[in-house]
Each structure stands twice: as C-alpha cells, then as structure tokens.
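Here the structure is laid out as structure tokens; the discussion comes afterwards.
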Amino acid sequence: MTEDITIRFYFEHGKKVKGLSFFKKLFHHNFSHFMIKEAKQEGIKQAICFNIPAGYLSHHKNIQWGHAEVTPLNHPQCIELTDNEDKIMAFLQKHRDQLSDTEVIIVKSEIQVLIF
C-alpha cells in the first residue's frame, strides 16, 4: 500500500493560465478551475478548492478580505490535491510551468485514519 500525500497550491485569485490560445483566454474560467480539471483528467484521487474568507500570501503587505460579490484579483486561493506520492510528483512535474509562481506545500500523511 502506498502512502498518500497532500499538496497545497497557494496563489492569487487573478492568476492566469499560461499557454492558452487567444480564444481559450476569452472563455476560460480561472486558474483554480483549470488545475482541478487537470487533476480530474489525470486521475488524482481528491482535489479541493478552498473558499478563503480572509488571509494573505507571503508577498502580500496587507490582509486580503473576501467579499461575497466581487473577489479582488490579489485575494489568496488554495487548491489541495491528495493521492499517492508518485502521482502527485508526476502532476507537479507535468504542470511545473503553470505552478512556477505559486507557493506549493507538500504535507506527507503520517497517520492513516480509518473512517467507518
């Protein structure tokens, strides 16, 4: 049995997907939707985009506060992926250009919890 790990990507809400054609740029949703779709296509076990009500990234000077109607472009967002280490590392390698300006944290699961 391989051990699952979790990675988290932290980025700004306004982050753009790199390498899209002109027409895809017009109609794509955003970076978080793109990465979750990529994870699903590659068979990653679990992918979650967290709703962040408030926070800041390492390069922010101020706390960013969420708003129900309009999300500022520099508001922090987080995507969490969970799967075995080999699949996660392959995903990171494949998408390293997209992730070049994000903060990636890898959390190795040390305790397996059984859910009944």
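Each number in the numbering used here comes from the position in the sequence shown (counting from 1) with 3 added on. Virtual Cβ for every residue (Gly too), placed ideally from N, Cα, C. Note that this is a predicted model, so its numbers are computed, not measured.
For glutamine 49, which option in Ala57, Tyr59, Met38, Pro56 has the closest C-alpha, if you only look at C-alpha atoms?
Residue Met38 is the option with its Cα nearest to glutamine 49.
When the Cα atoms are used, what is the spatial distance from leucine 46 to asparagine 54?
First, the amino acid is wrong: residue 46 is glycine here, not leucine. Rounded to whole angstroms, glycine 46 to asparagine 54 spans 23 Å at the Cα level.
When DSSP labels each residue in this structure, what does alanine 50 get in the three-state scheme?
It is a strand residue.
Using DSSP bridges, identify the partner residues of arginine 11.
Its beta-bridge partners are Glu83, Ile108.
Please state whether DSSP places glutamine 44 in a helix, a strand or coil.
Three-state DSSP puts glutamine 44 in a helix.
Under 8 Å: do the stretch 22 to 29 and the stretch 76 to 89 share three or more Cβ pairs, one atom per stretch?
Judged by Cβ distances under 8 Å, the stretch 22 to 29 makes no contact with the stretch 76 to 89, as fewer than three pairs qualify.
Using DSSP's beta-bridge definition, name the partner residues of glutamine 67.
Bridge partners of glutamine 67: Gly58.
Where does lysine 64 land, buried or exposed, given buried means 16+ other C-beta within 10 angstroms?
Answer is exposed; the Cβ neighbour count stays below 16.
Determine the contact status of isoleucine 8 and valine 107, defining contact as a CB-CB distance below 8 Å.
The answer is no: Cβ separation not under 8 Å.
Using DSSP with H/G/I as helix, E/B as strand and the rest coil, what is serine 103?
The answer is coil: DSSP assigns serine 103 none of H, G, I, E or B.
Going by DSSP, what residue range makes up the alpha helix (DSSP H) through glutamate 6?
Per DSSP, glutamate 6 belongs to no alpha helix (DSSP H) and is neither H nor E.
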